[in-house]
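Numbered per the working numbering, the sequence shown spans residues 5 to 328.
Beta carbons: idealized from backbone N, C-alpha and C, even for Gly.
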Amino acid sequence: MKNHLLLLGALTLAFLAGCGQPTNTASTASTETRSKGTIGVSLLTLDNPFFKVIGDTITAEGKKRGYETIVVSGDKDVAKQGNQIKDFIVKKVSAIVLSPCDSQSIIPVIQEANAAGIPVFTVDIPCNEPGVKIVTQIATDNYGGGKEAGQAMIEALGEAGGKIAVLHFKQAESCLLRVKGFREVIAAHNTRSKTKITIVTELESGGAKDVGYKAAEDALQAHPDLRGIFAINDPAALGARGALEKAGKAQQVVIIGFDGQPEGKQAIKDGKIYADPIQFPDKMGVRIVDAIIRHSKGETLPPQMLIPTSLYRKADAMKDPELK
Numbered sequence: 005m006k007n008h009l010l011l012l013g014a015l016t017l018a019f020l021a022g023c024g025q026p027t028n029t030a031s032t033a034s035t036e037t038r039s040k041g042t043i044g045v046s047l048l049t050l051d052n053p054f055f056k057v058i059g060d061t062i063t064a065e066g067k068k069r070g071y072e073t074i075v076v077s078g079d080k081d082v083a084k085q086g087n088q089i090k091d092f093i094v095k096k097v098s099a100i101v102l103s104p105c106d107s108q109s110i111i112p113v114i115q116e117a118n119a120a121g122i123p124v125f126t127v128d129i130p131c132n133e134p135g136v137k138i139v140t141q142i143a144t145d146n147y148g149g150g151k152e153a154g155q156a157m158i159e160a161l162g163e164a165g166g167k168i169a170v171l172h173f174k175q176a177e178s179c180l181l182r183v184k185g186f187r188e189v190i191a192a193h194n195t196r197s198k199t200k201i202t203i204v205t206e207l208e209s210g211g212a213k214d215v216g217y218k219a220a221e222d223a224l225q226a227h228p229d230l231r232g233i234f235a236i237n238d239p240a241a242l243g244a245r246g247a248l249e250k251a252g253k254a255q256q257v258v259i260i261g262f263d264g265q266p267e268g269k270q271a272i273k274d275g276k277i278y279a280d281p282i283q284f285p286d287k288m289g290v291r292i293v294d295a296i297i298r299h300s301k302g303e304t305l306p307p308q309m310l311i312p313t314s315l316y317r318k319a320d321a322m323k324d325p326e327l328k
């Protein structure tokens with residue numbers, strides 16, 4: 005009887021050990037799936053919903069692909085962003101994703117990441133400066149989007165033409181490209197049209213609602229007969245709209261924005277903004293994670309991957325199920 009009990013005990017232990025083994029293996033495999041590394045992300049600002057969508061999408065897509073993600077806001081402060089990158093280097097992240105607060109001033113700290121062997125990717129705002137190694141840039145075709153904005157302004161003003169203002173954000177290379185494309189289209193229009201569209205002022209908007217408001221106020225004071233405003237993003241465009249309403253000139257001046265954030269799209273539906281070349285920040289987030297994985301497997305990536313904009317007018321907004 006005793007021998008039978010011993011044998012039964014041994015078999016029970018063996019059975020339990022056998023049952024436990026696959027569970028431990030699965031747990032290990034699950035841990036390995038979750039532990040491909042960490043992606044460090046420093047974005048221009050998280051106050052702008054556009055960049056928040058990029059950060060949230062990188063986090064969600066990274067999790068699906070086995071990466072943890074740290075997303076921080078540079079708050080348009082190069083020194084702050086530099087410290088964030090240094091922190092990523094100390095943490096030995098698998099990859100760094102940046103939308104540089106200033107493409108030139110950030111060079112030294114990108115070089116530190118290069119020296120540490122951490123691959124650096126840029127999103128939305130490029131860093132095309134010499135002396136740094138960027139694996140690839142994922143961005144909107146800002147130059148093409150600027151051209152679309154120019155066409156929208158010509159369409160909105162019609163045959164009358166008139167004076168227009170540009171609300172810029174020169175700190176960001178993406179905005180420089182937008183304004184370049186916009187100016188080229190307006191210049192080409194003026195060579196073939198009897199009625200001219202004249203850019204009479206270019207003011208700093210900070211890419212923000214409050215600064216855009218002040219810039220539009222200044223433009224109206226200097227040019228009471230202003231007929232159009234091109235703002236480099238939706239926050240600046242919405243700020244400009246507030247200034248127009250205060251001045252009683254909302255019907256006189258048309259606004260072309262850029263981005264296609266929910267608030268901007270709603271303003272287009274409500275007739276407060278004429279049109280936006282819209283961006284796709286969710287696609288940008290997915291593409292960045294995909295680029296990180298492709299690079300980790302040894303694939304050579306093109307220096308730049310551009311996502312085209314799409315011009316969004318009131319007719320599009322009226323069919324948009326996401327708007328009220």
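>> Do Val258 and Gly232 have their beta-carbon atoms positioned less than 9 Å apart in this structure?
In response: Taking the C-beta atoms as reference points, Val258 is found nearer than 9 Å to Gly232.
>> By the DSSP assignment, the alpha helix (DSSP H) with Glu267 in it spans what residues?
In response: Unbroken alpha helix (DSSP H) run through Glu267: 266 to 273.
> In whole angstroms, what separates the C-alpha of Phe234 from that of Ala153?
Replying inline: 8 Å
> On the premise that Pro130 lies in contact with Glu177, defined as a C-beta separation below 8 Å, what is that separation, rounded to the nearest angstrom?
Replying inline: 5 Å
> Can you name, in chain order, every residue of its own chain whose Cβ lies under 6 Å from the Cβ of Gln270, other than the five neighbours on each side?
Replying inline: Leu327
> Is Asp274 near the ligand SAM, going by C-beta to nearest heavy atom under 8 Å?
Replying inline: Annotation note on the ligand SAM: not contained in the displayed structure, which lists no ligands.
>> For Pro134, which residues in the same chain have their Cβ closer than 7 Å to its Cβ, ignoring the five residues on either side in sequence?
In response: none
> Residue range of the alpha helix (DSSP H) that Gln155 falls in?
Replying inline: 146 to 161
> Name the DSSP bridge partner or partners of Thr318?
Replying inline: Thr is not the amino acid found at residue 318; the sequence shown has Lys there. DSSP lists no partner for Lys318.
> Within this structure, are the beta carbons of Ser109 and Val82 separated by less than 9 Å?
Replying inline: yes
> Helix, strand or coil: how does DSSP classify Asp324 here?
Replying inline: coil
> Where does Thr73 fall in DSSP's three states?
Replying inline: In this structure, Thr73 counts as strand in the three-state DSSP scheme.
>> Tell me which residue opens and which closes the alpha helix (DSSP H) that Gln225 is part of.
In response: 213 to 226
> Residue ranges of each beta strand (DSSP E) run of no fewer than 3 residues wholly in the segment 45 to 121, ordered along the chain?
Replying inline: 71 to 77, 99 to 102
>> Here's the rule: buried if 16 or more other CB atoms are within 10 angstroms of the residue's CB, otherwise exposed. What is Met157?
In response: buried
>> Once DSSP output is grouped into helix, strand and coil, what is the label at Glu188?
In response: helix
> Taking the C-alpha atoms as reference points, what is the distance between Glu116 and Ile93?
Replying inline: 8 Å
>> Does Thr37 pass the burial test, meaning 16 or more other C-beta atoms within 10 Å, or should it be called exposed?
In response: The pLDDT assigned to Thr37 is 49, lower than 50, so where the model puts this residue is not dependable; a value taken from the coordinates is nonetheless given after this. Under this definition Thr37 is an exposed residue.
> Is the segment 166 to 173 touching the segment 195 to 209 in the sense that three or more CB pairs, one from each, lie closer than 8 Å?
Replying inline: Output reads yes: the segment 166 to 173 touches the segment 195 to 209.
> Does DSSP put Thr126 in a helix, a strand or coil?
Replying inline: strand
>> Rounded to the nearest angstrom, what separates Ala295 and Asp222 at their Cα positions?
In response: Looking at the two C-alpha atoms, the distance is approximately 43 Å.
>> Please tell me whether Lys137 and Val124 are closer than 9 Å, where the distance is taken between their beta carbons.
In response: yes
> Does the segment 42 to 54 touch the segment 95 to 105, meaning 3 or more C-beta pairs lie closer than 8 Å?
Replying inline: Yes, since at least three Cβ pairs between the segment 95 to 105 and the segment 42 to 54 fall closer than 8 Å, the two stretches touch.
> Just curious, the alpha helix (DSSP H) that Val136 is in, first and last residue?
Replying inline: Premise fails: Val136 is in no alpha helix (DSSP H) and is neither H nor E.
> Once you ignore the five residues that flank Gly78 on each side, which residues in its own chain have a CB closer than 7 Å to its CB?
Replying inline: Result list for Gly78: Ser46, Leu47, Leu48, Thr49, Lys84, Gln85, Gln88, Cys105, in chain order.
>> Let me check understanding here. Comparing Cα to Cα, which of Phe54, His227, Ile43 lies closest to Thr63?
In response: Ile43
> Expressed to the nearest angstrom, what Euclidean distance is found between the alpha-carbon atoms of Lys218 and Ala244?
Replying inline: 8 Å
> How big is the Cα-Cα spacing for Gly150 and Thr304?
Replying inline: 30 Å
> Is it buried or exposed for Pro228, if we count other Cβ within 10 angstroms and need 16 for buried?
Replying inline: exposed
> Could you give the distance in angstroms between the alpha-carbon of Ala220 and the alpha-carbon of Arg182?
Replying inline: So the alpha carbons of these two residues sit roughly 18 Å apart.
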